[in-house]
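Peer 1: For the record, in the sequence shown the residue sitting at position 100 is 126 according to my numbering, with numbers rising by one throughout.
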Amino acid sequence: MNASAPKSLDITEIKQYLPHRYPLLLVDRVLDWEEGKKITAIKNVTINEEFFNGHFPHKPVMPGVLMIEALAQTAALLSFLSAGIKPDDSTVVYFLGIDGARFKRPVVPGDQLKMEAEVVRHARGIWKYKVVASVDGQVAVEAELMCTMRSVADASQSVG
Numbered sequence: 027m028n029a030s031a032p033k034s035l036d037i038t039e040i041k042q043y044l045p046h047r048y049p050l051l052l053v054d055r056v057l058d059w060e061e062g063k064k065i066t067a068i069k070n071v072t073i074n075e076e077f078f079n080g081h082f083p084h085k086p087v088m089p090g091v092l093m094i095e096a097l098a099q100t101a102a103l104l105s106f107l108s109a110g111i112k113p114d115d116s117t118v119v120y121f122l123g124i125d126g127a128r129f130k131r132p133v134v135p136g137d138q139l140k141m142e143a144e145v146v147r148h149a150r151g152i153w154k155y156k157v158v159a160s161v162d163g164q165v166a167v168e169a170e171l172m173c174t175m176r177s178v179a180d181a182s183q184s185v186g
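Here it is, written out as structure tokens:
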């Protein structure tokens, strides 16, 4: 493959990296990624999303916490891809923290959420990402996220 050609993943490949499944798998496609640096992915938001039944039936809006979750899944994908491993049932990426979250526009059925995560720092097993989700070039949410990769067997121990 040409070094400058985009590296993409379809949903079948994404499911090999993320343990999430319906209704919480929130990444539909990876458009491009650069090992240890950045990733761009999309989530196609449809009226068929479970959360629209209650948020809000009269004016459906994607919950902000799910936009953050979609960004965290995007960042987790980059963590796994950069580490060069495909996780199995014994490895997960844990969400450690969030700073500076700002919600700037609603996301509604029919929108395509473009999610970008860029590595700010990676040290001692902790990844820090600058994340942005946008619709049609307009920022919907931005934040800094921290995560770490751990064995499921270590789940009862502190991750932070």
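Every residue gets a Cβ at the ideal spot worked out from N, C-alpha and C, and that includes glycine.
Helix, strand or coil, according to DSSP, for methionine 27 in the structure here?
Peer 2: No answer about methionine 27 holds up, because its pLDDT of 45 lies below 50 and its placement is not dependable.
Peer 1: Where DSSP assigns a beta bridge to asparagine 70, which residues make up the other side?
Peer 2: Paired residues: Gln138.
Peer 1: Using the three-state DSSP reduction, which class does serine 105 fall into: helix, strand or coil?
Peer 2: Helix, per DSSP.
Peer 1: Tell me which same chain residues have a C-beta within less than 7 Å of the C-beta of glutamate 76, skipping the five on either side of it?
Peer 2: These residues qualify, in order along the chain: Pro49.
Peer 1: Tell me the residue span of the alpha helix (DSSP H) that contains isoleucine 37.
Peer 2: Isoleucine 37 -> alpha helix (DSSP H) spans 37-43.
Peer 1: Note down the Cα distance separating glutamate 170 from threonine 66, rounded to an integer number of angstroms.
Peer 2: 15 Å
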